[in-house]
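As numbered in this note's numbering, residues 997 to 1119 make up the sequence shown, in order.
Yeah, the Cβ is synthetic: ideal placement off N, Cα and C, and Gly gets one too.
Working notes, structure below.
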Amino acid sequence: MKVKTSLAFDEQLALLSHADRIKIALFIQQIQQHGLRGLQGRNKSSAPTNPHTKKERANFDYAQKHCLWHYHIGIPEYVGDDGDMTSECILHYQRFDDEIVLVDISTHPPFELPSQDKLKQLQ
């Protein structure tokens, strides 16, 4: 599976510590070699399940429209069981058939979807 990045993600990446950049590089290597199978952290669609409020419905539509997913990257550390481990930082990405596009890294809670500006890819 191919891995691309957005302009905003590349800018954020440059500001991270060496140790955090290594974690992201290992994630990229895992995706390139094995796809999205066998990941250590929790990986899920960013569309809320059973949206009830107006904001949840808007977030559902936005996440679906932009194919947004997020992965718990292990920054600063993982907690929980292998395959479903969580961390304070999550990696936001767009998931397509044969590629993903890394678009943002953020802490959560609170969970915030990446803005439209962060979705712009490198050409």
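*asked:* On the CB-based measure, 16 or more other CB atoms within 10 Å of its CB, does Q1119 come out buried or exposed?
replied: Here residue 1119 corresponds to residue number 123 of the sequence shown, with the count starting at 1. Residue placement at Q1119 is poorly supported in this model, since its pLDDT is 46, which falls under 50; the coordinates are not used for a value here.
*Limits of the beta strand (DSSP E) - the one that K1116 falls within*: Here residue 1116 refers to the residue found at position 120 when the sequence shown is read from its first residue. K1116 -> no beta strand (DSSP E), and no H or E assigned at all.
*Does DSSP put I1020 in a helix, in a strand, or in coil?*
Locating residue 1020 in the sequence shown gives position 24, where the first residue counts as 1. Here I1020 sits in helix by DSSP.
*Would you tell me roughly how many angstroms separate the C-alpha atoms of D1093 and T1049, rounded to the nearest one?*
The sequence position of residue 1093 within the sequence shown is 97, counting from 1. The sequence position of residue 1049 within the sequence shown is 53, counting from 1. Taking the straight line from one Cα to the other gives about 30 Å.
*Please name the residue or residues paired with R1091 in a DSSP beta bridge.*
Locating residue 1091 in the sequence shown gives position 95, where the first residue counts as 1. According to DSSP, R1091 bridges with I1096.
_Cutting at 7 Å between CB atoms, please list the residues of its own chain near P1105, excluding the five before and the five after it._
For the purposes of this step, residue 1105 is identified with residue 109 of the sequence shown, where counting begins at 1. None.
*Since Y1067 is in the beta strand (DSSP E), which residue starts that stretch and which ends it?*
Sequence index remark: in the sequence shown, residue 1067 carries index 71 (1-based). Residues 1064-1068.
*Along the beta strand (DSSP E) that carries N1039, what are the first and last residues, could you check?*
Residue 1039 sits at position 43 when you count from the first residue of the sequence shown. Taken as a continuous stretch (DSSP letters only), the beta strand (DSSP E) holding N1039 covers 1039-1041.
_Can you list, in chain order, the residues of its chain with a C-beta nearer than 6 Å to that of R1138? Leave out the 5 residues immediately preceding and following it._
Here the chain covers residues 997 to 1119 and nothing more, so residue 1138 does not appear.
_Close Cβ partners of V1075 (< 8 Å) along its chain, the five nearest in sequence each way excluded_ = Reading the sequence shown from its first residue, position 79 is the one you call residue 1075. So the list reads M1081, T1082, S1083, once near-sequence residues are dropped.
*For K998, I'd like the list of residues in its chain whose CB is within less than 8 Å of its CB, leaving aside the five on either flank, ordered along the chain.*
In the sequence shown, counting from the first residue as 1, residue 998 sits at position 2. Answer for K998: Q1028, D1094, E1095, I1096, listed in chain order.
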